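Visitor: In order, the protein sequences belong to chains S and G. Counting in numbering that gives the first Met the number 0, the final residue of the first sequence is number 513, and the numbers go up one at a time with none missing. Counting in numbering that gives the first Met the number 0, the final residue of the second sequence is number 441, and the numbers go up one at a time with none missing. Glycine included, C-beta positions come from ideal geometry on N, C-alpha and C. As the structure is a prediction and not an experimental result, all values here were calculated from the model.
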Amino acid sequence: MSDDRISRRQFMGVSAATIAAAAMGESLLGCSRAAVRPTGATGGIGYFGQFGVDEPLVRNTLAAALGRGGEYADLFFQHRITNYMGLEDGEVNRASINTELGVGVRVVKGDQTGYAYTEDFSPESLKRAAETAAAVAEGPARQAPPSFRVSDGKAQRYPMQVSWEGVEPKQKLPILADLNARALKADARIKKVSLSLTDEVGVILVADSLGRLVEDFQPMTTLSLSCTAEEKGRRESNRYGSAGRAGFEFYSPERLDRVLSEAVARTTILFEAGQPPAGELPVVLAAGSSGILLHEAIGHGMEADFNRKGVSIFADRMGKPVAKPIVSIVDDGSLDGSRGAINVDDEGNLAGRTVLVDQGVLASYMHDSISAKHYGVEPTGNGRRQSYAFAPVPRMRATYMLPGPHTKDEIIASVKKGILAETFTNGQVQIGAGDFTFYVKNGWLIEDGKLSRPIKDVNLIGNGPKVLEQIDMVADDMAIDEGTWMCGKDGQSVPVSLGMPTVRVASVTVGGRG
Amino acid sequence: MTNPSMLEIARRAVESAKAKGASEAAAAAGLSREVKVGWRDGKVEKISEATSRGLSLQLYVDGRYSAVSTSDLRAEAVEDFVGKAVALARALAPDPFRKLPDPELYQGQAEIDLELEDPGYDKITAEQRRRIAQALEESARAVKGAEAIVSVTTDFSDGWSETARVASNGFEGVRRDTAYWPVAEVTVRDPDGRRPEEYDYAGVCHFGDLPELAALGRRAAERALQRIGSKKGESATLTLAIDNRASGRLVSYLLGPLAASALQQKHSMFEGKLGQQIGSPMLDLADDPLIVRGLGSRLFDREGIAARRLPVFEAGVLRGYYVDNYYGRKLEMRPTTSGTTNLAWKLGEKSQAELLAQMKEGILVTGFLGGNSNGTTGDFSLGIQGFRVRGGVLAEPVAEMNISGNHLELWKRLVAVGNDPFAYSNLRTPTLVFEGVQVAGT
Chain S
0 MSDDRISRRQ FMGVSAATIA AAAMGESLLG CSRAAVRPTG ATGGIGYFGQ
50 FGVDEPLVRN TLAAALGRGG EYADLFFQHR ITNYMGLEDG EVNRASINTE
100 LGVGVRVVKG DQTGYAYTED FSPESLKRAA ETAAAVAEGP ARQAPPSFRV
150 SDGKAQRYPM QVSWEGVEPK QKLPILADLN ARALKADARI KKVSLSLTDE
200 VGVILVADSL GRLVEDFQPM TTLSLSCTAE EKGRRESNRY GSAGRAGFEF
250 YSPERLDRVL SEAVARTTIL FEAGQPPAGE LPVVLAAGSS GILLHEAIGH
300 GMEADFNRKG VSIFADRMGK PVAKPIVSIV DDGSLDGSRG AINVDDEGNL
350 AGRTVLVDQG VLASYMHDSI SAKHYGVEPT GNGRRQSYAF APVPRMRATY
400 MLPGPHTKDE IIASVKKGIL AETFTNGQVQ IGAGDFTFYV KNGWLIEDGK
450 LSRPIKDVNL IGNGPKVLEQ IDMVADDMAI DEGTWMCGKD GQSVPVSLGM
500 PTVRVASVTV GGRG
Chain G
0 MTNPSMLEIA RRAVESAKAK GASEAAAAAG LSREVKVGWR DGKVEKISEA
50 TSRGLSLQLY VDGRYSAVST SDLRAEAVED FVGKAVALAR ALAPDPFRKL
100 PDPELYQGQA EIDLELEDPG YDKITAEQRR RIAQALEESA RAVKGAEAIV
150 SVTTDFSDGW SETARVASNG FEGVRRDTAY WPVAEVTVRD PDGRRPEEYD
200 YAGVCHFGDL PELAALGRRA AERALQRIGS KKGESATLTL AIDNRASGRL
250 VSYLLGPLAA SALQQKHSMF EGKLGQQIGS PMLDLADDPL IVRGLGSRLF
300 DREGIAARRL PVFEAGVLRG YYVDNYYGRK LEMRPTTSGT TNLAWKLGEK
350 SQAELLAQMK EGILVTGFLG GNSNGTTGDF SLGIQGFRVR GGVLAEPVAE
400 MNISGNHLEL WKRLVAVGND PFAYSNLRTP TLVFEGVQVA GT
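1. In three-state DSSP terms, what is Glu-70(S)?
2. Which residue from Ser-370(S), Gly-51(S) and Ala-133(S) puts its Cα closest to that of Asp-304(S)?
3. Given that a residue counts as buried once 16 or more other Cβ atoms are within 10 Å of its Cβ, and exposed if not, what is Lys-349(G)?
4. Under 7 Å, CB to CB, which of the residues in the segment 92-108 of chain S have a partner in chain G?
5. Name the DSSP beta bridge partners of Val-457(S), please?
6. Using a Cβ distance threshold of 8 Å, determine whether the segment 227-234 of chain G contacts the segment 379-399 of chain G, with at least three qualifying pairs required.
7. Within the continuous beta strand (DSSP E) that includes Leu-419(S), where are the two ends?
8. Going along chain G in order, which residues have a C-beta closer than 9 Å to the C-beta of Thr-131(S)?
9. Can you tell me whether DSSP reads Arg-4(S) as helix, strand or coil?
10. Helix, strand or coil for Gln-275(G)? Go by DSSP, reduced to three states.
11. Can Ser-246(G) and Leu-431(G) be called in contact, C-beta distance under 8 Å?
12. Going by beta-carbon coordinates alone, are Ile-174(S) and Phe-76(S) separated by less than 8 Å?
13. Would you call the segment 148-156 of chain G and the segment 180-191 of chain G touching, i.e. three or more CB-CB distances under 8 Å?
14. Within 10 angstroms of its Cβ, does Cys-30(S) collect 16 or more other Cβ (buried), or is it exposed?
15. With three or more beta-carbon pairs closer than 8 Å as the criterion, would you say the segment 203-217 of chain G touches the segment 290-297 of chain G?
16. Less than 8 Å between CB atoms is the rule here; does Gly-29(S) satisfy it with respect to chain G?
17. Under 8 Å, do Arg-338(S) and Val-495(S) count as touching if we go by C-beta distance?
18. To which residues of the same chain is Gly-37(G) closer than 6 Å at the C-beta, ignoring the five residues directly before and after it?
19. So with Cβ pairs under 8 Å, would you call Val-149(S) a contact of chain G?
20. Sort Gly-152(S), Ser-506(S) and Leu-209(S) by Cα distance to Ser-146(S) and report the nearest one.
21. Check the DSSP bridge columns for Gln-111(S) and list the partner residues they point to.
22. Using DSSP's beta-bridge definition, name the partner residues of Gly-53(G).
23. Using 8 Å as the limit for Cβ to Cβ distance, is Ala-22(S) near chain G?
24. Would you kindly work out how many angstroms separate the C-alpha atoms of Leu-309(G) and Phe-433(G), rounded to a whole number?
25. Quick check on DSSP: helix, strand or coil for Met-11(S)?
26. Taking 8 Å as the cut-off, decide whether the C-beta atoms of Asp-550(S) and Val-392(S) are in contact.
27. With three or more beta-carbon pairs closer than 8 Å as the criterion, would you say the segment 445-457 of chain S touches the segment 307-324 of chain S?
28. Taking 8 Å as the CB-CB limit, is Asn-373(G) close to chain S?
29. Could you tell me the distance, in whole angstroms, from the CA atom of Ser-368(S) to the CA atom of Pro-276(S)?
30. Could you give the C-beta distance for Thr-436(S) and Ala-49(G), rounded to a whole number, given that I count them as a contact under 8 Å?
31. Straight-line CA distance for Pro-378(S) to Lys-319(S)?
32. Under a Cβ-count criterion, where at least 16 other Cβ atoms within 10 Å of its own Cβ denotes burial, should Gly-42(S) be classed as buried or exposed?
33. Does any C-beta atom of chain G lie closer than 8 Å to the C-beta of Glu-199(S)?
34. Mind listing which residues of the segment 387-402 of chain G have their C-beta closer than 9 Å to chain S's C-betas, in chain order?
35. Is it right to say Lys-122(G) is buried, meaning 16 or more other beta carbons lie within 10 angstroms of its own, or is it exposed?
36. Beta-carbon within less than 6 Å of Thr-375(G)'s beta-carbon, same chain only, minus the 5 sequence neighbours each way: which residues are those?
Structure follows, in structure tokens:
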């Protein structure tokens with residue numbers, strides 16, 4: 000809604016990190032140059048040609064970056080092409096292509112960072128960026144690595160069966176047209192349908208002063224269906240989205256059916272939905288996207304940069320119990336094809352599975368290379384960035400809770416008066432105070448152990464450590480949500496995944512009415 | 000610092016689009032420079048600096064539409080992506096509403112200097128930036144009670160940008176602007192184990208308009224220290240005053256549903272309500288793009304349409320929508336402007352302290368946490384923090400609470416507006432006071 004200039008410059012509230020489902024048609028991104036091509040499974044550096052650079056240029060740029068005494072430097076080359084296609088009022092009549100091509104230069108000295116980037120790959124421009132970043136340090140120059148080696152051991156978590164580069168617009172059109180027709184037919188109350196389909200192929204190449212060269216090919220696709228329904232003069236809108244790192248094969252008949260049925264059901268039930276009461280109530284979180292609670296209540300607080308600076312509420316709690324032993328929480332880059340999957344992070348480190356809470360005990364922070372060095376541990380592969388225009392910081396990937404001993408039915412049956420929270424739009428946390436919120440779009444009131452009536456549009460607010468202690472039942476039905484989640488921190492957005500089994504939280508403040 | 004080639008790049012892109020088969024085209028080319036110095040606990044934490052370029056192009060081909068944007072401005076790359084975009088448009092369904100704006104809408108730009116570009120921008124040095132960031136920390140740490148401070152992070156960022164827009168039916172425009180943003184964030188230790196954080200900031204177009212930086216750092220620390228001991232209050236229906244820095248968040252939920260796209264797509268609570276009473280007579284604001292040195296000011300919008308003052312609410316009555324060219328055609332409404340610029344409020348006469356004295360009992364909201372608003376129905380639910388107000392003055396801090404309601408009811412209970420528009424947001428909100436708001440807590 001706001002002018003581009005304002006949205007870029009407008010001050011975004013500090014001390015808070017957010018998550019939201021990517022808005023419909025939000026990523027209007029665009030195209031150029033040679034198509035992005037994946038190289039062989041591990042192979043040599045296939046992307047030098049793509050970026051129009053070679054090893055001497057990389058070495059010279061790193062030499063300039065280390066020219067003032069920086070202890071470490073890296074270059075992050077990125078080329079990403081994102082296609083968007085949209086349907087509104089029955090027609091696929093809008094599409095866009097966005098191209099991002101640039102390189103970021105980072106120089107680190109202790110916990111100090113210098114950063115610069117450029118979209119111009121000429122030797123002069125790269126040198127200027129390197130010298131700008133170098134200025135964070137003061138001291139004698141250090142040497143660039145005499146040789147480079149290609150890192151190995153990288154997993155392949157998102158092979159595409161049908162690469163986006165070979166997919167013509169006319170192959171995507173029927174997906175949107177068909178979903179539109181079926182949505183309008185599914186329920187006579189549906190009056191407006193809009194759809195967006197995005198696909199993205201990106202390559203990154205990290206070269207650092209340790210002589211490492213790491214490249215990765217990263218696809219992503221999202222499909223989102225929004226609808227507005229009318230009943231007796233009232234209107235309600237809702238949406239459903241599905242996202243993953245995959246090729247065109249992602250859109251199986253089952254997935255398309257699910258996107259359709261979920262969007263319609265989540266919209267039309269709103270006519271029957273009311274507001275829950277206001278105040279502290281037991282809350283049951285449904286399996287799947289309830290992982291938003293973990294993302295906010297503990298995830299951000301476990302990002303090591305906040306702890307290194309002492310500004311997280313979890314800063315002094317490593318090795319201490321924070322939840323009941325039935326609670327184990329992980330952040331995982333290794334879920335094949337998921338939105339939060341990465342083979343390597345944006346510092347070139349291998350990304351695996353990090354246990355944040357092990358049977359109730361705080362086990363590990365999420366690290367980038369700066370915080371890993373500070374704590375004397377191995378990086379966990381959580382150093383991520385929005386694009387070449389940003390320095391990496393510790394970020395989540397796919398955050399979820401492991402299954403527990405209970406069942407969904409027994410959890411719901413255990414609640415005398417409370418709510419079941421099923422679908423969510425967004426959340427936010429204050430890292431230091433620990434207060435966090437998440438917004439429930441669809442849910443149910445639970446009375447005497449049974450779902451009694453639907454609820455909608457209510458914000459839940461709690462304090463991270465207190466809510467973790469209050470998780471007293473965990474079911475065996477863990478599910479990873481497929482939603483189009485975007486996590487925001489320090490003005491940077493990255494795609495993430497969420498997961499959760501059904502759990503019971505003994506008490507949370509429900510922002511209802513009456 | 001100016002780069003006259005942005006206009007040239009935009010012109011060339013439009014020409015290329017036409018040569019490759021577009022009947023009409025519009026392009027925007029931008030060059031921007033951003034510099035940021037981050038400071039934490041006694042030393043530089045981060046410096047970043049970059050000059051960045053970008054081009055976006057909208058194409059109208061055989062009654063069809065596509066758009067492209069890129070950071071790759073090499074001539075051969077631009078040629079290549081224009082060709083791809085033309086082919087892409089041809090694969091789509093025709094859209095009779097996709098046309099450039101009627102050139103008549105380009106006419107009548109205000110003949111004033113908005114002073115959005117600080118002519119002294121180039122003179123700001125790296126050393127000056129560093130000193131500002133350092134001074135912010137020092138003033139934060141100089142407050143009474145500073146021993147409770149865990150960490151102070153400050154930064155000073157500034158930027159310069161130039162955007163040139165060209166449309167094939169007769170529009171050309173260039174705008175340049177500068178901005179400076181000092182920020183101080185302070186985290187303190189609460190004896191209960193929490194580490195509440197607060198901040199203060201400013202944002203201006205001209206370096207000379209920056210407020211006293213020592214006061215800014217001090218206020219960030221004082222705000223953080225005031226959070227110590229905050230507790231959840233009881234659930235109740237209360238009078239709420241919303242601090243002018245926070246109230247923009249609430250107001251922003253009115254703006255999305257005022258867009259023609261929301262009306263046309265039937266997800267606006269304001270559809271069909273032009274001329275109706277939406278709020279109390281206190282709700283009175285216009286969109287004003289022509290405020291000198293205003294953060295949202297502009298002479299033309301992102302489609303080239305000449306910027307004019309747009310009455311939005313007058314004495315609580317809805318008077319105007321944000322109508323862009325495309326959805327205006329779909330709705331058969333004359334375009335007004337494609338997005339919020341600055342909000343100009345009809346202000347009250349009382350300061351926040353006077354308003355609190357008048358309300359006697361309630362809550363002063365100093366910040367929102369998460370939450371959302373349903374633009375279709377107006378239902379909202381938002382996390383809040385702030386202070387209890389007792390006997391007309393601030394009492395204990397409250398946190399982890401929530402307000403819920405519906406905008407179409409809430410704004411009718413707007414009972415007072417302060418005299419204190421917040422200068423560092425284009426929404427320029429004053430302190431707002433609402434009666435009878437449902438607050439959830441214990």
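Guide: Let me lay it out:
1. Sequence index remark: in the first sequence, residue 70(S) carries index 71 (1-based). Three-state result, Glu-70(S): coil.
2. Sequence index remark: in the first sequence, residue 304(S) carries index 305 (1-based). Selection Ser-370(S), Gly-51(S) and Ala-133(S) evaluated against Asp-304(S) yields Ser-370(S) as nearest (Cα-Cα).
3. Counted from its first residue, the second sequence places residue 349(G) at position 350. Classification of Lys-349(G): buried, given that the 10 Å Cβ count is 16 or more.
4. Residues of the segment 92-108 of chain S whose Cβ lies closer than 7 Å to any Cβ of chain G, in chain order: Asn-92, Arg-93, Ala-94, Ser-95, Ile-96, Asn-97, Thr-98, Glu-99, Leu-100 and Gly-101.
5. Mapped onto the first sequence, residue 457(S) falls at position 458. In the DSSP output, where bridge partners are listed per residue, Val-457(S) has Val-439(S).
6. In short, these stretches touch, since the Cβ pair count reaches three.
7. Residue mapping note: residue 419(S) aligns to position 420 of the first sequence, counting from 1. Boundaries of the beta strand (DSSP E) around Leu-419(S): 416-429.
8. The count along the first sequence starts at 1 and reaches residue 131(S) at position 132. What Thr-131(S) touches in chain G: Ile-46, Ser-47, Glu-48 and Ala-49.
9. The count along the first sequence starts at 1 and reaches residue 4(S) at position 5. Legend: pLDDT at Arg-4(S) = 32, less than 50; position of this residue unreliable, value from coordinates given subsequently. Helix, per DSSP.
10. By one-based count along the second sequence, residue 275(G) stands at place 276. DSSP places Gln-275(G) in coil when its eight states are reduced to three.
11. Within the second sequence, numbered from 1, the residue matching residue 246(G) stands at position 247. Within the second sequence, numbered from 1, the residue matching residue 431(G) stands at position 432. Yes, they are a contact pair.
12. Start at 1 with the first residue of the first sequence, and residue 174(S) comes out as number 175. Start at 1 with the first residue of the first sequence, and residue 76(S) comes out as number 77. With respect to the 8 Å criterion, Ile-174(S) and Phe-76(S) are not classified as neighbours on the basis of their beta carbons.
13. The segment 148-156 of chain G vs the segment 180-191 of chain G: in contact.
14. Here residue 30(S) refers to the residue found at position 31 of the first sequence. The predicted model places Cys-30(S) with a pLDDT of 23, which falls under 50 and marks its position as unreliable, so this point remains unresolved.
15. Contact check between the segment 203-217 of chain G and the segment 290-297 of chain G: three or more CB pairs, one atom from each, fall below 8 Å, which counts as touching.
16. Working through the first sequence from its first residue, we reach residue 29(S) at position 30. For Gly-29(S), the predicted structure reports a pLDDT of 24, less than 50, and the residue's modelled location is therefore unreliable. A value from the coordinates is still provided. Answer yes: the Cβ-Cβ gap between Gly-29(S) and chain G drops below 8 Å somewhere.
17. Along the first sequence, one-based indexing puts residue 338(S) at 339. Along the first sequence, one-based indexing puts residue 495(S) at 496. It is a contact, given that the beta carbons lie within the stated cut-off.
18. The sequence position of residue 37(G) within the second sequence is 38, counting from 1. Closer than 6 Å at Cβ, skipping near neighbours: Glu-44, Lys-45 and Asp-154.
19. Numbered from its first residue, the first sequence carries residue 149(S) at position 150. No, its Cβ sits nowhere closer than 8 Å to a Cβ of chain G.
20. As a working mapping, residue 146(S) is identified with position 147 in the first sequence. Ranking Gly-152(S), Ser-506(S) and Leu-209(S) by Cα distance to Ser-146(S) puts Leu-209(S) first.
21. Locating residue 111(S) in the first sequence gives position 112, counting from the first residue. Paired residues: Lys-108(S).
22. Residue 53(G) sits at position 54 when you count from the first residue of the second sequence. DSSP, once it has assigned bridges, lists Gly-29(G) as partnering Gly-53(G).
23. In the first sequence, counting from the first residue as 1, residue 22(S) sits at position 23. Here Ala-22(S) scores only 41 on pLDDT, less than 50, and its place in the model should not be relied on; the value that follows carries that caveat. Not closer than 8 Å to any Cβ of chain G, the Cβ of Ala-22(S) fails to qualify, so no.
24. Along the second sequence, one-based indexing puts residue 309(G) at 310. Along the second sequence, one-based indexing puts residue 433(G) at 434. In a straight line, the C-alpha of Leu-309(G) is about 25 Å away from that of Phe-433(G).
25. Taking the first residue of the first sequence as 1, we reach residue 11(S) at position 12. The predicted model places Met-11(S) with a pLDDT of 35, which falls under 50 and marks its position as unreliable, so this point remains unresolved.
26. Chain S is shown only over 0 to 513; residue 550(S) falls outside these bounds and no answer can be derived.
27. No, the segment 445-457 of chain S is not in contact with the segment 307-324 of chain S.
28. Sequence index remark: in the second sequence, residue 373(G) carries index 374 (1-based). True, the Cβ-Cβ gap to chain S drops below 8 Å.
29. By one-based count along the first sequence, residue 368(S) stands at place 369. By one-based count along the first sequence, residue 276(S) stands at place 277. The alpha-carbon atoms of Ser-368(S) and Pro-276(S) are separated by roughly 46 Å.
30. Along the first sequence, read from residue 1 onward, the residue named residue 436(S) stands at position 437. Along the second sequence, read from residue 1 onward, the residue named residue 49(G) stands at position 50. Going by Cβ atoms, the distance from Thr-436(S) to Ala-49(G) rounds to 34 Å, so no, they are not a contact pair.
31. Residue numbering aside, residue 378(S) sits at position 379 when the first sequence is read from its first letter. Residue numbering aside, residue 319(S) sits at position 320 when the first sequence is read from its first letter. Going by the C-alpha atoms only, they are around 21 Å apart.
32. Translated into the one-based positions of the first sequence, residue 42(S) becomes position 43. Its pLDDT being 41, under 50, Gly-42(S) is placed unreliably in this model, and the value from its coordinates should be taken loosely. Per the 10 Å Cβ criterion, exposed.
33. In the first sequence, counting from the first residue as 1, residue 199(S) sits at position 200. No, no contact with chain G.
34. Contacts with chain S (Cβ-Cβ distance below 9 Å) from the segment 387-402 of chain G involve Ala-398, Glu-399, Met-400, Asn-401 and Ile-402, listed in chain order.
35. Residue numbering aside, residue 122(G) sits at position 123 when the second sequence is read from its first letter. The C-beta of Lys-122(G) has fewer than 16 other C-beta atoms within 10 Å across all chains shown, which makes the residue exposed.
36. Walking along the second sequence from the start, residue 375(G) turns up at place 376. Correct list, in chain order: His-266.
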